[in-house]
Structures are given as C-alpha cells and as structure tokens.
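Report on one structure; see the data block that follows.
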C-alpha cells in the first residue's frame, strides 16, 4: 500500500479538521468478518491477506462489505478508497477482477473498477438492471499481470471523482451526486484474487464558497402566475433595469409549438410587482424550441436560441438576434461566428451589455480542456463575430462549463459547471475578469448551498443593480438576494429627440472612452417612444451620443472614476439637424480653469465636427465661446474669444479652409440659464457653433 500524505481541509464553518481513517484492514485476522463459504465460492485469511476464490465455471462472483457502521456517509464527506489486489489464478486471459464501490444495501446501485491479467481496464456503473460502461475497455502498460499487486484508488472531492490505478489517473468525472457505503471485490469464474490491504480515509468536504455567502438568505419562488403549477418555466432572463422578465415555458397548450418551448414575458407594474406571463407571439415564437438568451440594456434587442428562416420558421440550431421596430419585433437574424464548431449536443450563449462580446459554451476538438468550455467572440461587423477565444484553464475544467452570464460591470462572470467542486450535478459559480485578454480570471467560487443543491442548477441572471438574482429550479423560477459584490455601474436612461422639433428619434447610441475615444459599446433607442438605456461600469470617463444621418450628435459625458455604488441617471439626448441657422453645443470641449489650451479629452468632439465639415464642403460655421458671470466682463470676453479661436485653429490645422470658419467670443453676454447655481454656471460655460451656410 502506498503511503498516504496527511492533508488538511478547511470546512465551510472555517474550522479545521484533519483526515480520519475510518476503515483499515490489513487482514492480520478476521476482525471485520470477511471469511465466508458458499457454493463454488469462498473467502479466507491467509498470510496477512484476504484470499477470494471463485470456483464456479460460469458465474462472476463478488464479496461486499458495508461501511455504514464505521461513521462513514459518503454522500456527506469526501473520501479516499485504496486497495491492493493481485490475481493468482485464472483460466481465461480475458477474465476480470477488481474493486466494487459506492454500493447500496439492496445492491440496486454500485460502481465497478476492474482489470484483466492481460492489462486491460474498464469502469462501469450498475443502476436497477442497467449497465453504464462509462470507461470502455482499454489497454494500459502500467497494469500488472499475474501475481503482482495492482493499487486501486478512488478519490471523491465534493462532486468530483478521480480513479487511479498504480498511481495513474484513468478516469475523472463531475457527474456524481450520490454514493453508497458498500465496498468489495468482484472476480470472474475460475479465478482467485488476493487482497492484502483495504483503507478508507474520510475528509471534510472542501468547497470554495464566495466570501459573502449567507446560509440564512431565503430563496423564494415567484408567484404562480409566473411559476405555474401546470407547466415548467426555466431560463429566466431579467432586463438591465429589472422591469422585464423573460422565461422559457415548456409543454404549454398555448405555445405555438405545442409541446415545444415558447418565450413568455412579464413586466413590472407601477407598484413594482410582476404581472402575469404573456406569450411573446410571432415572430419570436414559432413551431420549434424558442427561448431568450439575453436582453440588451436598452430593452430593444434580444439574443435568441436557434436560427430562423426569412419568414420566421425554424432553421435549426444556432443563435439569432432580433431588434424592436415600430411594427414590433423583427424576424430574428442569424449571427455568424467565424470558425464556429461544437461537437456537443448542447450549447450556451450570452451577449454582453456592450453588444460587442459574445460568450459561448461549446465543445471543440481543436482546443478546450474536456467537454464544453467557455469562449468569447468579438464583434467584427453586422452580426459577424470573430473566432472564439478560449477563456483559459482557471475558468474551464475537464468537465462541462456552460450557461455563462456576464454581469453589468463587464467583469463578473457567472456560469454553471460540473468540473469545479460543488454539491452535486451542475453548480453555479462566479469569477472575475482580471484584464482585457479574457484569459485571466480569479479562481471561481461556488455560490453556496442555498442557491446550489444536490440537483442541477444551470443558470442565473441579475439586473444591472445586481441586488436580486433569478434562477430556475424544479420547474419553477426563483428569486434570491445577491450577495456577490460586483463593480458598481450607472444605468443611463432617457429618450432621443430632434432638437429642433422635439420629435422622438430611433437612433444608434454609442458610448466611448472620453480620453481615447475608443468605442466601448452600442445600443438602440426604441422606435416607438425614443427611449434608450446603457450601462456604464465604474472606473472610466465616458462620452455618449445618439447618431443619425443628417444630424449632428450632441455628446454627453460622465465621470465614473470614483463611483462607489449603483446609480440610475436620466439623460435625454438631442440631435441637431444639420441646417442653416442651427446652434449646436459642443459639450465635450475641455479647458483648464481660466485657460484656453484644449485638453486632450476635447479631440474626439472636435474630430466629429471635423468629419461633418469634410462631408459637407459648403458648410460654414461660426464658433462661439461663452462664459459664466464669474470674473470681470473684460477678462471673460478675452477668455471666450481665445477659446473659440483654439477650436478654430484645431480645425484649420486638420485641413479645414479658414474661410469656412469664424471664431467669436461672447463672454457673459448670452446666458442660457441662471448663474445662481453651479449647474447653471456650468451650462453657461460653453462652446457652440452656428451653421451660417450649408
């Protein structure tokens, strides 16, 4: 028997307990009552070993021992099972022998780990008359033949099982969620085996749970008009503002696909309560399996499972996107992912809030660590995505990782896994992205045994605020307080208007890094009411604007460098038509206090104006500088004039003819609001341009 190194594990209660040998028999005597004799079968102690003889000419025999009386409940602890066995006599070269483990009292369930003298190995599970050969016969050079010991070892660590022979890993799995306490030995007809030691070591279960885990938090099922008694509801998707809930309702007679899945949704009323589910109808639902994967923060775009034909019928597996139009949801359009591959029958997706990162769970032959792994693709064009990039071996394991959900901060990733230590089946985990490579992540942590259970938990969804989490369990939708700390975000919402007519506009919303002008994300405004919303994570200075042909975008900015908590702000966006006589404010022009040198943050705004001048060669403008009432009239007039000239000089340096530009300072002669407040003063300190000719 190989020497076992002492290991210590930290329990969830944070108390430290050492390993405990609960059963150890080196067969000095028959204290554990192995000795038995029956027809064509006997077991006896000889020379500090247990000898087992199967004299039957046809039948396989076994010898089982129940460890339940040794303070050993394998469902509730981790364990090592170690055995040395050798074959001393057999009639057929392909005769088998080995270890039986995890057996139940009625012998309706057990696992078998067996080898042959000619160096082959197989593992299988028996359950109520059905055999699952989860590791087929395979030859291994390290298997010892006749009269030589083979060292069998089974390790259970939470939901993970590792099987070794002579120190070599031959099988691992995260699928197990129950275990029996019987162990023993199996041998074919006309065979004798010798066991010289059996040892079972118990460990406390080690699961790395999130630091903020609260075992007393309550998980509550949503009302019956959402979580019905008649049907199964699954895959909850919550909008960023927390006002919309989409679910997948199965086997409902009101589904367009009959016994297949349809998308249903609920909205919150004015009191903040969920309303009864409604069927989304066509074109999002058809005769096939239909479900929402994620919703954009503006509530105007949905990522959907499967593909659709041009007339809205089912077109097979894949992923599609649908945008809201004035007439309702458009027929979903398929996304194209370069070098896409998946050899698994299942798949998972999530579209990040910026609409630029598509996370997926697929199994690829050319890369990956085992079964389904998590990957990310980057937007390259209209519905066109890059080749998937593997998220690395901190997140991904040899087992399944699936159903990703990226929180609104763009960094906190939730996912389901069978390869990280959990309570059984699939558990839900969380990790945090550490840089922009998408391959460096913090070690995933289990969400704890209020959310996770012995059964399967496959998906979790949060709003931008992140205070509530939604998940499906046992045919229903559940809500729970979320304790996982995410980076704070701001939900910016409002409407888009024509600045001249005040009519609502359907436009694209773009938000950029204010300093670098790098585009960070996009959204669209609702074509029926002009509403939009975007989510901006903390730590950056942002500019954002609506864009539409024939209009000049009036940009807004927000500094989230020191954001401490979730906020919601309302900012209406106004687009100025490019028409003679229009006065358009340049919000993102920055100077140091009392100075007229342009700061680098101004470049993006000025470059947009430069582009408009290049595209409209007859356009001439007056650049007007304005101040507040602080300081002398003379100084303010001089300062405003110099600032207007600084803008003009920037444009001429880029090639705009000077005769198309006029710069003029107005000082404090044209206030647009009162100077009695700091906010008013800020609005009065401005640079505008007036369209003179077009």
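In full-length UniProt numbering, the protein residues as written are 1 to 694.
C-beta atoms are modelled at their ideal positions from N, C-alpha and C, and glycine is treated no differently.
Cα atoms of residue 675 and residue 636: separation of roughly 14 Å, rounded to the nearest angstrom.
Residue pairing for residue 552: DSSP places it in a beta bridge opposite 576. With respect to residue 619, residue 660 sits close: the two C-beta atoms are nearer than 8 Å. The residues 434, in chain order, have a CB closer than 6 Å to that of residue 440 in the same chain once the five nearest residues on each side in sequence are set aside. Across the structure, residue 538 and residue 557 are spaced so that their CA atoms are roughly 13 Å apart.
Under a 10 Å Cβ-count criterion, residue 234 is classified as buried, with 16 or more other Cβ atoms of the shown protein chains found around its own Cβ.
In the DSSP annotation of this structure, the continuous segment of the beta strand (DSSP E) that includes residue 199 starts and ends at 191-203. If the five residues before and after residue 288 are omitted, its C-beta is found closer than 7 Å to the C-beta atoms of 257, 260, 306, 314, all from its own chain and listed in chain order. Secondary structure of residue 620 (DSSP, three-state): strand. Per the coordinates, the alpha-carbon of residue 84 lies some 8 Å from the alpha-carbon of residue 194.
Around the beta carbon of residue 432, 16 or more other beta carbons lie within 10 angstroms, which makes this residue buried. Note: residue 615 is not bridge-paired with any residue in the DSSP secondary-structure output. Annotation for residue 634: the continuous alpha helix (DSSP H) segment containing it runs 633-653.
Look at residue 671 here: in three-state DSSP terms it is coil, with no helix or strand label. Taking C-alpha positions only, residue 650 is separated from residue 391 by approximately 43 Å.
For residue 206, the secondary structure class from DSSP, reduced to helix, strand or coil, is coil. Closest by C-alpha distance to residue 207, out of 95, 428, 49, is 428. Rounded to whole angstroms, the separation of the alpha carbons of residue 280 and residue 547 is 30 Å. Residue 511 places its beta carbon 8 Å or farther from that of residue 505. Within the same chain, Cβ atoms closer than 8 Å to the Cβ of residue 211 are found at 445, the five residues on either side in sequence being excluded. For the options 543, 630, 633, 578, the alpha carbon positioned closest to that of residue 617 is the one of 578. Taken through DSSP and simplified to helix, strand or coil, residue 463 comes out as coil. The region 118-137 makes no contact with the region 379-387: fewer than 3 CB pairs, one atom from each, lie closer than 8 Å. By the neighbour-count criterion, in which 16 or more other beta carbons inside 10 Å mark a residue as buried, residue 599 falls on the exposed side. Scanning its chain for C-beta atoms nearer than 6 Å, with the 5 sequence neighbours on each side dropped, one finds around residue 688 the residues 583, 585, 624, in chain order. For the pair of segments examined, the region 567-575 was found to touch the region 490-500: the number of CB pairs separated by less than 8 Å reaches three. In this structure, residue 533 lies near residue 299, with their beta-carbon atoms less than 8 Å apart. The beta-carbon distance between residue 66 and residue 182, rounded to whole angstroms, is 5 Å. This is short enough to meet the 8 Å contact definition.
With a contact defined as Cβ atoms closer than 8 Å, residue 191 and residue 54 qualify at about 5 Å. For residue 678, the uninterrupted alpha helix (DSSP H) run begins and ends at 678-684, by DSSP. Leaving aside the five residues that flank residue 456 on each side, the residues in its chain whose CB is nearer than 6 Å to its CB run, in chain order, 425, 426. Sequence-distant partners of residue 383 (beyond 5 residues in either direction) whose C-beta falls short of 8 Å from its own C-beta, in its chain, are 321, 333, 334, 335, 336. A Cβ-Cβ contact shorter than 8 Å links residue 397 with residue 419. Counting only the Cα atoms, residue 152 lies some 57 Å from residue 267. A distance of 8 Å or more separates the beta carbons of residue 186 and residue 173.
In terms of CA proximity to residue 380, 338 leads the group 416, 371, 399, 338.
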